[in-house]
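Residue numbers (my numbering), protein chains in the order written: chain L, 4 to 180; chain C, 13 to 239.
Here it is as structure tokens:
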């Protein structure tokens with residue numbers, strides 16, 4: 004099982020990198036390099052575009068941690084997390100993830116910077132951040148676009164799946180790494 | 013929006029705690045450090061984003077996204093039983109899901125919005141979400157992503173020995189979360205039988221309340237597509 008996970012991880016990217024251009028060139032006669040460059044231009048704008056969001060969130064989270072407020076908040080839940088052997092540092096991420104994409108990304112980066120990308124905390128944080136989208140944002144954008152006011156049970160379903168994803172990410176990381 | 017309150021909360025609480033702990037210098041320093049790492053991380057994202065979006069453009073031009081879309085058809089039919097068979101909404105839903113799979117958030121969102129608009133066109137009550145809309149939302153909030161590019165970039169930035177090692181765990185977690193979303197969505201959908209869906213109205217007849225396979229009936233209601 005563990006072996007399988009690391010195999011998937013190791014092969015995924017090389018497989019995609021080789022398959023896509025090969026298919027495009029041989030089957031569809033696409034000028035692959037030129038198409039690549041064309042699409043790559045968007046990547047720059049995307050990365051630069053998130054600077055304001057990330058700076059704003061990073062400032063707030065960095066202050067929150069330095070002030071000792073984060074530790075005070077975590078003190079309450081620490082015994083429960085300790086009992087399961089789960090690092091309590093990841094809890095704020097579970098709270099931030101459904102609410103703000105930039106905020107949780109900033110928090111994940113902060114955890115990775117503090118504890119190292121290859122620590123259990125770093126790995127759990129990466130997995131949580133990568134495995135779901137920002138529920139509140141998606142709800143606002145999608146329903147906002149068609150002026151839906153009564154979203155029925157959609158928020159509950161989204162939050163439920165966030166909780167499940169959060170727990171699953173922790174359990175899986177603790178089993179695999 | 014809630015984000016504004018959270019942001020304000022974090023800053024205000026930090027300053028209050030800083031005052032109590034007499035650590036104002038530390039707070040100031042932390043604010044500037046935070047701003048700096050915000051920029052550093054964004055710059056770290058450039059390399060992967062440029063590379064990945066280039067790759068995805070090739071996939072798109074080669075029709076791979078479309079191919080994947082078509083493969084998703086049976087799944088989408090099963091997930092959205094009350095959308096008429098040939099309705100354009102299904103096409104947009106499939107594009108939305110496949111863009112999500114490839115981690116193309118920027119392409120997924122417009123497709124998702126188009127799908128929502130199409131679903132809205134067959135919505136009898138324009139202010140209330142239909143079950144199909146809720147399902148589409150559930151799929152997008154838990155979005156299945158094959159390669160979490162942003163995370164790999166950040167891990168690279170902080171000198172991870174193996175930045176991509178989290179792909180497997182992320183895939184597993186995302187599948188579980190999506191599964192949970194689909195189950196919860198189904199549960200709610202069956203529980204409150206939803207608002208009157210178009211086909212029931214058109215029937216007029218007293219269909220049994222627990223009619224559960226509307227696919228044949230909806231086919232009649234189909235063809236009311238628009239541009």
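Beta carbons: idealized from backbone N, C-alpha and C, even for Gly.
Because the structure is a prediction, the values reported are computed rather than measured.
Beta carbon of residue i nearer than 8 Å to that of residue j
{"i": "residue 138 of chain L", "j": "residue 182 of chain C", "result": "no"}
{"i": "residue 134 of chain L", "j": "residue 192 of chain C", "result": "no"}
{"i": "residue 93 of chain L", "j": "residue 64 of chain L", "result": "no"}
{"i": "residue 27 of chain L", "j": "residue 74 of chain C", "result": "yes"}
{"i": "residue 142 of chain L", "j": "residue 149 of chain C", "result": "yes"}
{"i": "residue 71 of chain L", "j": "residue 29 of chain C", "result": "yes"}
{"i": "residue 66 of chain C", "j": "residue 46 of chain L", "result": "yes"}
{"i": "residue 53 of chain L", "j": "residue 100 of chain L", "result": "no"}
{"i": "residue 92 of chain C", "j": "residue 102 of chain C", "result": "yes"}
{"i": "residue 160 of chain L", "j": "residue 137 of chain C", "result": "no"}
{"i": "residue 56 of chain L", "j": "residue 105 of chain L", "result": "yes"}
{"i": "residue 156 of chain L", "j": "residue 146 of chain C", "result": "yes"}
{"i": "residue 102 of chain L", "j": "residue 114 of chain L", "result": "no"}
{"i": "residue 143 of chain C", "j": "residue 98 of chain C", "result": "no"}
{"i": "residue 61 of chain L", "j": "residue 47 of chain C", "result": "yes"}
{"i": "residue 184 of chain C", "j": "residue 16 of chain L", "result": "no"}
{"i": "residue 188 of chain C", "j": "residue 160 of chain C", "result": "no"}
{"i": "residue 244 of chain C", "j": "residue 23 of chain L", "result": "Outside the displayed span of chain C (13 to 239) sits residue 244 of chain C, for which this structure offers no information."}
{"i": "residue 59 of chain L", "j": "residue 17 of chain C", "result": "no"}
{"i": "residue 128 of chain C", "j": "residue 79 of chain L", "result": "no"}
Alpha helix (DSSP H) segment containing residue i, residue limits
{"i": "residue 78 of chain C", "result": "76-83"}
{"i": "residue 52 of chain C", "result": "36-73"}
{"i": "residue 26 of chain C", "result": "14-33"}
{"i": "residue 49 of chain L", "result": "35-52"}
{"i": "residue 84 of chain L", "result": "72-87"}
{"i": "residue 100 of chain L", "result": "Where residue 100 of chain L is concerned, there is no enclosing alpha helix (DSSP H), given that its DSSP letter is neither H nor E."}
{"i": "residue 124 of chain C", "result": "117-133"}
{"i": "residue 141 of chain L", "result": "138-148"}
{"i": "residue 124 of chain L", "result": "123-134"}
{"i": "residue 112 of chain C", "result": "100-113"}
{"i": "residue 187 of chain C", "result": "179-203"}
{"i": "residue 169 of chain C", "result": "161-169"}
Chain-ordered neighbours of residue i on chain C, where CB pairs are closer than 9 Å
{"i": "residue 155 of chain L", "result": "140, 141, 142, 143, 145, 146, 200, 204, 206 and 207"}
{"i": "residue 16 of chain L", "result": "159, 164, 176 and 179"}
{"i": "residue 35 of chain L", "result": "70, 73 and 74"}
{"i": "residue 124 of chain L", "result": "Correct list: empty, because the minimum Cβ distance to chain C is about 12 Å."}
Residues bridged to residue i (per DSSP)
{"i": "residue 153 of chain L", "result": "C:140"}
Contacts of residue i in chain C (Cβ-Cβ under 7 Å)
{"i": "residue 27 of chain L", "result": "70, 73 and 74"}
{"i": "residue 88 of chain L", "result": "None at all; the shortest Cβ gap to chain C is about 17 Å."}
{"i": "residue 97 of chain L", "result": "Under the 7 Å cutoff, chain C gives no residues; its nearest Cβ is about 12 Å from residue 97 of chain L."}
Neighbour list for residue i in chain C, Cβ cutoff strictly below 8 Å
{"i": "residue 31 of chain L", "result": "73, 74 and 75"}
{"i": "residue 142 of chain L", "result": "149 and 153"}
{"i": "residue 163 of chain L", "result": "192, 193 and 196"}
Heavy atom of the ligand PLP within 7 Å of residue i beta-carbon
{"i": "residue 125 of chain C", "result": "The ligand PLP is not among the ligands present in this structure, which contains no ligands whatsoever."}
Neighbour list for residue i in chain L, Cβ cutoff strictly below 8 Å
{"i": "residue 49 of chain C", "result": "61, 65, 112, 113 and 116"}
Per-residue contacts from residue i into chain L (C-beta, under 7 Å)
{"i": "residue 62 of chain C", "result": "43, 46 and 47"}
{"i": "residue 167 of chain C", "result": "115, 120 and 129"}
{"i": "residue 185 of chain C", "result": "130, 134, 168, 171, 172 and 175"}
{"i": "residue 173 of chain C", "result": "121"}
Within chain L, partners of residue i - CB distance below 9 Å
{"i": "residue 88 of chain C", "result": "Under the 9 Å cutoff, chain L gives no residues; its nearest Cβ is about 16 Å from residue 88 of chain C."}
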